[in-house]
Each structure stands twice: as structure tokens, then as C-alpha cells.
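Peer 1: Okay, handing you the structure first.
There are 2 protein chains.
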Amino acid sequence: MEVKVRLFHRCELVLFFSFLLLLHFRTVRGVWPLPQSFTSSPERVSLQPGAFYFTYGLQSEVTAGCSVLDEAFIRYFPLIFPDYFQKPQDSSFTLEVSVDQDDCEGYPAQDSSERYNLTIAAGHGILSAESVWGALRGLESFSQLVYQDDSGTYYVNKTDIEDFPQFPFRGILLDTSRHYLPLQAILKTLDGMAYSKFNVFHWHIVDDPSFPYQSRTFPNLSSKGAYHPSTHIYTQTDVRKVIAHARLRGIRVLPEFDSPGHTRSWGKGQPDLLTPCYRGTSPSGKFGPVNPSLASTYQFMSMLFKEVSLVFPDSYVHLGGDEVDFTCWRSNPDVVAFMNKMGFGSDFTKLEAFYMESIVNISTALNRTAIVWQDVFDYHEKIPKDTVLHIWKGVPAAYHTELARITKAGMRVILAAPWYINHINYGQDWRIYYSVQPLNFTGSEEQKKLVIGGEVCMWGEYVDATNLSPRMWPRASAAAERLWSDEKQTTRVDKAFPRLEEFRCRLLRRGIQAEPLFVGHCRHEYQGM
Amino acid sequence: MEVKVRLFHRCELVLFFSFLLLLHFRTVRGVWPLPQSFTSSPERVSLQPGAFYFTYGLQSEVTAGCSVLDEAFIRYFPLIFPDYFQKPQDSSFTLEVSVDQDDCEGYPAQDSSERYNLTIAAGHGILSAESVWGALRGLESFSQLVYQDDSGTYYVNKTDIEDFPQFPFRGILLDTSRHYLPLQAILKTLDGMAYSKFNVFHWHIVDDPSFPYQSRTFPNLSSKGAYHPSTHIYTQTDVRKVIAHARLRGIRVLPEFDSPGHTRSWGKGQPDLLTPCYRGTSPSGKFGPVNPSLASTYQFMSMLFKEVSLVFPDSYVHLGGDEVDFTCWRSNPDVVAFMNKMGFGSDFTKLEAFYMESIVNISTALNRTAIVWQDVFDYHEKIPKDTVLHIWKGVPAAYHTELARITKAGMRVILAAPWYINHINYGQDWRIYYSVQPLNFTGSEEQKKLVIGGEVCMWGEYVDATNLSPRMWPRASAAAERLWSDEKQTTRVDKAFPRLEEFRCRLLRRGIQAEPLFVGHCRHEYQGM
């Protein structure tokens with residue numbers, strides 16, 4: 001009899017522990033990307049949407065009227081409380097936000113602080129940051145800490161977070177030339193970026209296949225070079241909307257006007273810009289890269305980048321410079337004559353260097369820091385030291401060699417090579433993106449500091465608005481954690497899995513069409529069919 | 001001078017031919033999948049939506065009141081005229097539909113005729129078919145022949161089509177167990193299937209991870225075995241909606257209740273159904289396949305399949321039978337005792353054969369023809385000769401061996417192996433699906449006739465409503481052409497490319513989230529973000 005009772009007690013214990021486990025499961029698995037320092041108590045605080053308040057702290061330099069935070073409060077309310085129904089309220093909760101520096105009306109920049117501290121206690125939370133951009137990151141983290149039990153009640157656990165990004169540059173590239181992406185697809189991507197704490201939208205806006213940017217100065221570029229002159233373009237209003245939407249989410253917009261290669265579509269609306277290719281002694285009717293031998297080219301580029309610097313507020317501009325094929329230049333007698341005049345002999349890399357140097361100088365004169373693809377490094381001579389090299393070669397594993405080589409020359413770099421996310425493999429390929437180690441190359445501490453960040457590239461050969469979101473999310477979020485979080489705390493892919501799975505369900509709930517990691521379900525499935 | 005004039009003339013000629021080419025480009029590139037016989041004249045007829053009529057032919061056995069065609073006319077009007085605006089009408093066009101046999105209120109079946117003839121002349125078209133299902137295929141072809149010029153005017157070229165499918169079974173499998181697919185995702189897939197002339201929806205409705213089918217007889221199966229008992233299930237109403245939606249599009253619904261393996265979720269709501277696995281002499285707490293040693297198992301299965309035969313009208317039912325792991329059966333003393341009693345020795349394939357034979361007999365008694373995965377073939381003995389084997393092994397290229405082996409035994413087969421479309425590779429992998437040759441195996445003419453068709457399988461490990469459509473379309477459409485069209489006329493992938501590209505844009509226009517084949521654009525891009 002005694003034995004039986006004991007067994008019964010043991011059973012109860014097991015049941016109790018299972019229940020605890022269940023309870024634990026009903027909390028959140030954490031924030032994605034993982035904060036630098038995160039302490040969570042099992043003690044939970046219930047939240048009532050009708051008695052939840054955002055306020056500005058008394059010491060805050062920023063107060064009501066700050067567009068970035070006022071609008072963030074409005075945006076985050078339904079993100080925190082996705083199904084809000086009125087209930088009797090017996091306790092209120094206030095999230096008090098304090099910001100040291102009033103940068104409300106500005107734009108996020110390369111040196112903006114994104115640091116924040118977040119403390120959650122009974123009845124109130126305190127979010128403090130140096131800048132509004134840091135406050136945005138903290139709001140995102142807060143929104144990810146709130147969860148619901150089966151009855152729908154909201155909870156948040158007592159929590160302390162101190163957080164800042166590992167890298168200041170955490171980008172996503174969209175390619176709107178190979179396929180046109182409707183404005184909505186871009187804005188939706190910006191939303192997803194904010195949820196994963198990305199902070200740079202690298203807009204690869206034009207390329208060989210089409211020129212959708214509607215220029216004020218050169219309207220023919222899009223009216224003749226876009227897929228369609230009125231439906232497949234980005235008007236000035238569209239661009240303004242993108243920049244404003246990004247700003248409110250702490251995201252920089254980095255435009256890329258790639259030249260001298262990748263410019264076929266430019267030629268349609270701008271005669272004499274591209275190099276006429278020759279077959280023997282006469283033009284073949286085909287065109288090659290931008291013609292670097294004509295003064296008119298540099299006049300055109302000056303005017304174009306002048307406009308770009310007026311339209312895009314970020315102090316960086318991407319000038320491209322990748323994959324230039326010399327065949328056409330070599331065939332053209334005017335280009336060859338120019339080579340001779342300049343004393344370049346038959347070394348076309350010198351011509352390319354000359355061209356890129358001129359374009360970088362144009363952007364420097366416009367107070368812009370240039371980013372160029374790493375190709376430019378191989379023949380750089382007079383490229384300013386603050387130019388950033390964008391590493392895209394060395395896939396799958398040799399990008400470490402590229403990092404070592406280019407940082408050794410003292411140049412700053414952005415790593416994109418291992419994150420060409422348009423490439424897709426069956427199964428859990430997010431694990432590959434998660435396992436990238438951007439600083440694991442042979443080099444000094446000084447060299448490591450030159451790695452300013454990384455970028456997820458969604459090239460458009462096989463991607464448009466139909467498959468952009470499921471191909472991007474949550475695979476890009478794996479890279480986001482690598483770029484934001486402490487690498488030492490985030491080495492284990494299997495440990496990341498349940499947190500990323502939960503984060504993915506949260507993305508679904510927020511209307512982001514994020515594909516599943518593996519067999520399973522979300523409480524709220526995607527309903528957007 | 002003379003020479004110059006000639007050159008000029010030559011130029012004009014070139015311009016003229018370019019213009020013709022341009023004109024040609026503004027027509028349609030054809031119908032997907034390619035009809036068996038297709039003759040199109042360059043002469044075009046303008047269509048005015050306000051003066052366009054469907055009528056039933058005087059000789060037609062089917063007339064107004066036929067749900068399948070009445071509703072198809074309503075559905076196809078906006079598919080034919082996607083942006084309908086009133087214009088002055090000067091000429092009318094009537095599409096006259098005649099059907100030999102009144103099967104309006106029935107369901108499409110394995111032996112239904114899908115043959116149709118379509119003739120388009122000035123002012124009218126004639127569509128004739130043996131059955132309403134054939135008429136549906138003809139309507140789809142007609143809708144794909146209509147195109148718009150830049151001003152928005154609709155045209156159709158004078159055309160003669162005689163058409164019928166290469167294979168009577170052209171299926172798509174959806175897996176609603178590994179991920180739950182909301183009803184809308186299934187209905188939308190049925191729409192896409194009709195556009196590609198697929199005719200069987202193979203509903204792999206339950207499996208290990210979840211049991212979303214809400215059974216009338218055994219409600220616990222879903223209330224305990226589904227991911228969620230009320231949001232992640234298919235009610236009887238849902239199932240009826242799927243069957244009705246499919247019927248109106250000439251699509252059969254083939255349900256699969258896979259056993260004895262792949263049944264983990266069944267065990268939650270049906271005690272004693274699964275085999276308790278043993279560790280040594282005591283149960284380990286884990287469960288294996290369905291327990292084939294208990295009479296209660298067969299009683300349960302009889303009742304379940306009785307319900308299935310009442311709910312699903314198709315005369316075929318899929319019984320699964322794949323990937324049975326014998327480890328658990330081997331560990332269980334009751335199963336071993338049963339083996340001895342039956343004289344199976346230690347050959348567990350005999351036990352599996354015994355089990356499958358029993359289940360096939362249950363379905364035969366319910367007037368259902370069984371389809372089983374090819375695994376069953378290897379230990380079949382008394383499986384009825386009309387059972388269909390579903391070939392899923394032999395990837396990437398050895399499925400021809402499987403086809404030869406199984407048809408040699410006189411069994412009918414469906415080919416799925418080369419079309420596991422959930423697998424994805426970067427780039428144009430539709431070319432692989434297009435290049436499959438289902439009849440290119442060593443065997444007699446009689447053997448070839450036993451290949452009744454093929455199936456595109458979208459297994460759910462990494463697929464749910466977020467990525468189903470772009471992963472399915474237009475990649476599945478490549479297989480659709482292989483299954484519908486004459487192989488000799490459709491061998492060249494490069495010739496198929498522009499037609500599939502156009503078809504994909506048409507899918508977009510119809511709201512199907514079909515991903516791009518390569519760089520380019522559609523006049524109307526996907527706007528569903």
C-alpha cells in the first residue's frame with residue numbers, strides 16, 4: 001500500500017514537472033537576433049492592451065512630437081497585441097522610453113548608435129537609448145517578449161536586456177532591374193528588415209535588363225530603359241516613400257548605380273553613353289560598358305550623381321564597378337586611341353581604374369562615401385581610403401581569403417559572399433547562413449575592425465514579388481543574428497532552431513510570408529492566399 | 001545609286017519583317033499544355049467583351065442548367081477578359097459549346113473523356129466534346145488564345161484544335177499533415193491545376209505529424225491528432241467544398257489514408273491502434289506502425305474506410321503502404337506471436353503483405369479501386385490485379401527500371417518519382433521536370449499502356465501556405481505538358497520556354513503566385529503582397 005502511494009506521488013511529480021515544462025513552453029523562447037546580454041526571470045507580468053501605455057521618460061531628450069518614436073508606438077501596439085479585445089482592466093503597464101539625443105528628424109547613419117537597455121518589471125518597463133534608432137531596436141525586442149496564453153491573456157516576463165549590434169552595417173540587397181518589384185514588395189521587405197534588426201536597404205535599382213529609376217534630369221533613362229515606361233518604374237514619389245518608410249524603421253537606403261558594366265539598359269535612353277563594339281573596322285551594332293573615353297560620359301555621370309545625392313539622403317552611395325568585360329572596349333578604335341593618349345598601353349584594368357576613380361571623385365565632391373564591389377580593389381590606385389569594398393567573391397568558403405587580403409590593405413569591407421540568398425537549396429539551408437564567421441580570418445585586430453558589416457543579397461534572376469518573401473524570410477534572419485549578436489553566444493545552430501522557429505511564427509502573425517523551417521505549425525498560419 | 005536604293009529596299013524589308021515579328025509577338029505563343037493538333041492562322045478576330053456570348057449547341061446533350069458548364073462560363077468570362085471595360089460594340093462573337101453526353105451532375109472519373117475540338121472563325125467559335133470534362137479543357141484552351149493589344153482590344157486568331165490527353169491520370173499531391181494548409185490554399189491550387197489541365201488532386205491528408213481530417217466516426221483522431229483541434233483541421237464542410245470546387249474544374253479528389261506506417265498522429269486519438277514498441281520485455285512507451293495482429297485494427301479500418309467511401313465520391317482510394325519500419329513490430333511479443341500463428345516465420349514483409357491485402361480487400365468491398373505506393377509491389381501476392389502502383393523510387397534516373405519491372409508484372413502504374421517538386425534547385429529546374437519521358441523504358445506496347453499517368457508531389461516538410469504557390473507554379477506546369485501533350489511535339493525545352501513564360505504571366509494575371517522562369521517581366525506583375 002505504502003509503495004503504491006509513493007508511486008502515485010512520483011507520478012504527480014512527473015505531471016507537475018511536465019506542467020512546468022508546458023508553462024515554460026508557453027513563454028517566449030527569446031528575442032531574435034539574440035541580445036548581447038539577456039536576463040529573464042520566470043516571473044511574468046500580465047499585460048492588458050487597454051491599460052498599456054508608451055511614455056517618454058522625464059530625462060528624455062526626445063518627447064512627444066518625435067515622428068520616429070510616435071509612429072513606432074502606433075505601429076508596435078498591434079504588433080505587441082495582435083488580437084486586441086477589450087477586457088476589464090485591473091492593472092496598467094507603462095513602457096517608458098528615454099533617448100539621450102534628439103535625432104528625431106534626421107536619418108540613421110553609419111555611425112548612429114543602436115544601443116539600448118530594456119528593463120521590464122511589474123507595472124512598467126524602461127527602455128533607454130542613446131538615439132531614437134536604438135530605441136526602435138529596443139521596441140522591437142520588447143514586442144518579441146510579449147506572449148499569450150491559451151485564453152489569450154498577454155504576458156511579459158521580468159527581463160533585463162543590454163544590447164548593441166556586433167556590426168554597424170547590416171544590409172539587404174534587392175535587385176529591381178532583373179525583375180521589377182512593385183513598391184509594396186519593397187515596403188514589406190523593409191518591415192521584415194526592421195523585425196530582424198537589419199539597418200541598410202541596398203537598392204540595386206538598375207542594371208542591364210531594365211532601368212526603373214525615373215530620373216528628373218534624364219527621364220529617358222526609364223521611359224526607354226524600363227520594362228514599361230509607366231507601370232515598371234519608380235517615380236520620385238515612390239523613392240521618397242521608400243526612404244521615409246525606411247527612416248521610420250531606422251533603415252538607411254543605399255542606392256546603387258552600377259557602372260561601367262551592367263549598364264545595357266542605360267544605353268536605350270542615353271545615346272553615346274555606352275561603348276559601340278566593333279567587328280573588324282565597323283561597329284557591330286552591339287554596345288559594351290559605359291564609354292570611358294568621352295568627356296560627355298563624365299558630364300552625364302556628374303549630373304546623374306548630383307541628382308542621386310539630392311534624392312537619397314544617406315552619406316554613402318554604391319558605385320558598382322563589378323564584372324567589366326574588356327572585349328568591347330578592346331574592339332573600339334576610339335577607346336584604344338584614348339588608352340594610348342593616357343599611356344595605359346594595353347592594360348584595360350588601368351582604364352577601368354581611371355573610370356572608377358573619376359566616378360568616386362564625382363561622389364566625393366558630392367560629400368558621398370563610395371562603396372564599390374571588390375573588383376575595384378584589384379586595380380585601385382587612387383581610390384580614397386574611406387571607400388568601402390563589397391566582398392562578393394570567394395564562395396563557398398574562400399571569402400576569408402578575400403577578407404584578409406583587402407583588410408590588410410587597410411580598406412573597410414562589407415561581406416556579402418556567403419549570403420547570396422537568392423541561391424536556394426532543399427532543406428534547412430538557413431544553417432549555412434547562420435554558420436558564417438565574418439571575423440574568422442587571419443589578420444590583426446585592426447584588420448577585423450575594418451569589417452564594418454555584412455549584407456544579404458537577393459539577386460533577381462529568378463526572384464520577383466511572387467517568391468521574394470518566402471525566399472527571404474526567415475533565411476535572411478539567420479544572417480541577421482550573425483550580424484547583430486555576439487558570435488560566442490550564438491555558435492550553436494541547434495540552439496538557434498527553436499528560437500528562429502518561434503520568430504518565424506511571429507513574422508507570419510505580422511503578415512510576412514516567411515516559409516517554414518521544418519515540419520510543424522504556427523498557432524496562426526499564413527492566411528494571405 | 002542603284003546599289004543604295006537596293007540597300008534601302010533591303011532595309012525596308014528587314015524593317016517589315018521585324019514589324020511582322022513584332023505583330024507575331026503581340027499574338028499568343030500558344031496554349032499550355034500544347035494541344036495534340038493545333039493550327040493557327042495569322043488572321044485575327046477582335047472580341048468585344050460586351051458582345052461575347054457562350055451558348056450551348058443545338059445538338060448538345062447538355063444545355064443551360066448544367067452546373068459544370070454554366071459555372072465555367074461565369075468563371076471563364078473574367079479569365080478571358082481580365083480588364084473588362086464597356087466599349088461601343090460593332091461585332092459579336094459566340095462560342096458555341098456542344099457536349100455528346102450529359103454528365104453534368106456526376107464526377108470526373110478515370111475513364112472520363114477529356115477530348116475536345118475547338119474551331120475559331122470570324123464571329124463564332126465551336127467547342128465540341130464528348131463530356132463536360134472535355135468541354136472544360138476546351139474552355140481553358142480558348143481562354144489562353146485570347147490576347148490584348150496595347151490599346152486593350154481583345155483578339156483571338158482563327159484556330160483549329162483537336163485535343164486529348166496523353167495520359168488519363170495527371171495528378172498533384174498536397175501533403176496537409178507535415179504542414180496544415182488552410183482551405184484557401186487548397187482551393188487556389190485546384191484553380192492552378194485546372195489552368196494546367198491537371199485532373200487528379202491526390203490529398204495526402206494525414207501522416208505522422210498530424211491528423212487534420214475531422215472524421216464523423218472517429219472525431220478523436222483530429223481532436224487529439226491534429227496540430228490544433230479547431231483551427232488546424234478539415235471539417236466535413238471543408239472537404240465537401242474541396243470536392244465541389246474540384247468537380248466544377250473536372251478534377252478528381254483522391255484521398256490517401258496511408259497505413260500501416262506514417263500513422264503516428266492516428267495513435268493519439270485511437271488507443272490500441274498502433275503497435276507498442278518494446279525495449280527487452282517491457283513496452284518502451286513508443287509506438288510503431290499500425291498493429292496488424294489485432295482484430296480491432298481491421299474493424300477500425302473498415303469503419304474508417306466506410307466513412308471515406310461515403311465522403312469521397314471517387315472510385316479510387318489511396319491506401320499508402322510505404323516505408324514500413326519493422327523494428328517495432330519485431331520487438332512486440334504479441335506481433336511475434338501473431339507471426340508464428342500465421343506461419344510467417346520471421347519474414348515481416350509477409351505480415352505487411354497480409355495487412356495491406358486486408359486493407360485492399362476492405363476498399364474492394366466498398367467498390368473502391370486501390371492505389372498503393374510501390375513498396376507494396378515487392379511483397380504483393382494477393383493484391384487484386386486492378387490495384388495501381390505508385391512509383392516514387394528510382395530518383396533521379398532509375399525510375400525507368402521501376403516502370404519496366406512493375407508493368408512487366410501486368411500492374412498499372414502512376415509515375416511520381418521524377419516529379420517530387422518540393423525539392424528545389426537554384427535556376428531553371430523546370431527543365432528537368434519537362435524532360436521526363438514516362439514511356440522511355442524497355443517494355444512491350446502492352447506494358448506502356450499500363451502507365452496510366454503521372455503525379456507531381458509537393459511533400460510538406462518545408463512547404464506550407466507561405467511558399468506553396470511559387471514552389472508549385474509554373475514548375476508543375478512543365479510536368480502538366482509532359483502528361484497532357486504529345487511527347488514528339490514537345491521534346492525541345494528551349495521551344496517550350498517562351499510559351500511557358502507567357503503561360504506564367506497568364507497565371508499571375510489570374511492571381512496565381514507563380515514564380516518567374518528567368519529575367520524579364522509580365523505586363524501585369526503580381527500585386528498580392
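Quick mapping for you: the protein sequence lines, in order, are chains A and B.
Using UniProt numbering, you'd call the opening residue of the first sequence number 1 and step up by one each time.
Using UniProt numbering, you'd call the opening residue of the second sequence number 1 and step up by one each time.
Each residue gets a CB set at the ideal place from its N, CA and C atoms; glycine is no exception.
(1) Could you pull out every residue in the same chain whose Cβ sits closer than 7 Å to the Cβ of residue 153 of chain B, ignoring the five residues on either side in sequence?
(2) Counting only beta-carbon atoms, is residue 521 of chain A nearer than 7 Å to chain B?
(3) 7 Å is my cut-off, CB to CB: does residue 204 of chain B come that close to chain A?
(4) Is any beta-carbon of chain A found at less than 7 Å from that of residue 182 of chain B?
(5) Are any of the Cβ atoms in chain B nearer than 7 Å to that of residue 209 of chain A?
(6) Taking the alpha-carbon positions, what's the residue 572 of chain B to residue 436 of chain B distance?
(7) The beta strand (DSSP E) spanning residue 509 of chain A covers which residue range?
(8) Leaving aside the five residues before and after residue 327 of chain A along the sequence, list all residues of the same chain whose C-beta is less than 8 Å from its C-beta, in chain order.
(9) By the criterion of Cβ-Cβ separation under 8 Å, what are the contact partners of residue 518 of chain A in chain B?
(10) In chain A, which residues lie less than 8 Å from residue 148 of chain B when you measure between Cβ atoms?
(11) Using only CA atoms, which one of A:116, A:505, A:365 and A:97 lies nearest to residue 35 of chain A?
(12) Jot down the residue ranges of each uninterrupted beta strand (DSSP E) in the region 72 to 143 of chain A, minimum 3 residues, whole runs only, in chain order.
(13) Taking only runs that begin and end inside the region 212 to 257 of chain A, name each unbroken alpha helix (DSSP H) of 4 or more residues, in chain order.
(14) Give the DSSP bridge partners of residue 58 of chain B, in chain order.
(15) Less than 8 Å between the CB atoms is what I'm expecting for residue 370 of chain A and residue 317 of chain A, so what's the real figure, rounded?
(16) So, is residue 407 of chain A buried or exposed, given that buried needs 16 or more other C-beta atoms within 10 angstroms?
(17) Taking Cβ positions only, does residue 21 of chain B come closer than 7 Å to chain A?
(18) Between the region 403 to 425 of chain B and chain A, which residues of the former have a C-beta closer than 7 Å to a C-beta of the latter?
(19) Look up residue 148 of chain B in the DSSP assignment and say whether it is helix, strand or coil.
(20) Report the residues of the region 162 to 179 of chain B with a CB closer than 7 Å to any CB of chain A, ordered along the chain.
(21) Only counting the same chain, and skipping five residues up and downstream in sequence, which positions put a Cβ closer than 6 Å to that of residue 516 of chain B?
(22) Under a Cβ-count criterion, where at least 16 other Cβ atoms within 10 Å of its own Cβ denotes burial, should residue 90 of chain A be classed as buried or exposed?
(23) Can you list, in chain order, the stretches of the alpha helix (DSSP H) that have 4 or more residues and sit fully within the region 306 to 351 of chain B?
(24) Count the other C-beta atoms from every protein chain shown that fall within 10 angstroms of the C-beta of residue 8 of chain B, then say buried if there are 16 or more, exposed otherwise.
(25) Quick one, which of B:175, B:94 and B:41 has its alpha-carbon nearest residue 53 of chain B's?
(26) In the DSSP assignment, find the alpha helix (DSSP H) that holds residue 158 of chain A and state where it starts and stops.
(27) May I ask which residues mark the beginning and end of the alpha helix (DSSP H) holding residue 535 of chain A?
(28) If you measure beta-carbon to beta-carbon, which residues of the region 26 to 50 of chain A are closer than 7 Å to chain B?
(29) When burial is assigned at 16 or more other CB atoms within 10 Å of the CB, is residue 135 of chain B buried or exposed?
(30) Nearest CA to the CA of residue 536 of chain B: which residue from B:300, B:312 and B:395?
(31) So, with DSSP's three-state summary, where would you put residue 490 of chain B?
(32) Rounded to a whole number of angstroms, what is the C-alpha to C-alpha distance between residue 60 of chain B and residue 411 of chain B?
(33) Helix, strand or coil: how does DSSP classify residue 22 of chain B here?
(34) Taking CB distances under 7 Å as the criterion, tell me whether residue 513 of chain A reaches chain B.
(35) Cβ of residue 470 of chain B less than 7 Å from any chain A Cβ?
(36) Go ahead and label residue 30 of chain B buried or exposed: buried means 16 or more other beta carbons lie within 10 angstroms of its beta carbon, across all protein chains shown.
Peer 2: Inspection of the coordinates gives the following:
(1) 46
(2) yes
(3) no
(4) yes
(5) yes
(6) A question about residue 572 of chain B goes unanswered here, because the residues of chain B that appear run from 1 up to 529.
(7) Taken as a continuous stretch (DSSP letters only), residue 509 of chain A belongs to no beta strand (DSSP E), being part of the alpha helix (DSSP H) at 493 to 509.
(8) 277 and 288
(9) 461 and 462
(10) None at all; the shortest Cβ gap to chain A is about 14 Å.
(11) A:116
(12) 93 to 99, 116 to 121 and 124 to 129
(13) 220 to 225 and 236 to 248
(14) For residue 58 of chain B, which the question treats as bridged, DSSP gives no partner whatsoever.
(15) 6 Å
(16) buried
(17) Any reading at residue 21 of chain B must be qualified, since the residue scores a pLDDT of 38, below 50, and its modelled position is unreliable; the value itself is stated next. Not one chain A Cβ lies under 7 Å of residue 21 of chain B.
(18) 423 and 424
(19) strand
(20) 178 and 179
(21) none
(22) exposed
(23) 327 to 331 and 333 to 342
(24) A caution first: residue 8 of chain B carries a pLDDT of 33, below 50, which makes its placement in the model unreliable, though a value can still be read off. Exposed, since its Cβ has fewer than 16 Cβ neighbours within 10 Å.
(25) B:94
(26) Looking at the DSSP string, residue 158 of chain A is not in any alpha helix (DSSP H); the run it does join, the beta strand (DSSP E), is 154 to 163.
(27) Since the first and last residues shown for chain A are 1 and 529, residue 535 of chain A lies out of range.
(28) none
(29) buried
(30) A question about residue 536 of chain B goes unanswered here, because the residues of chain B that appear run from 1 up to 529.
(31) helix
(32) 38 Å
(33) Only weak support is given to the placement of residue 22 of chain B: the predicted model assigns it a pLDDT of 38, under 50, and the value that follows is read from those uncertain coordinates. Looking at residue 22 of chain B - three-state DSSP - the assignment turns out to be helix.
(34) yes
(35) yes
(36) buried
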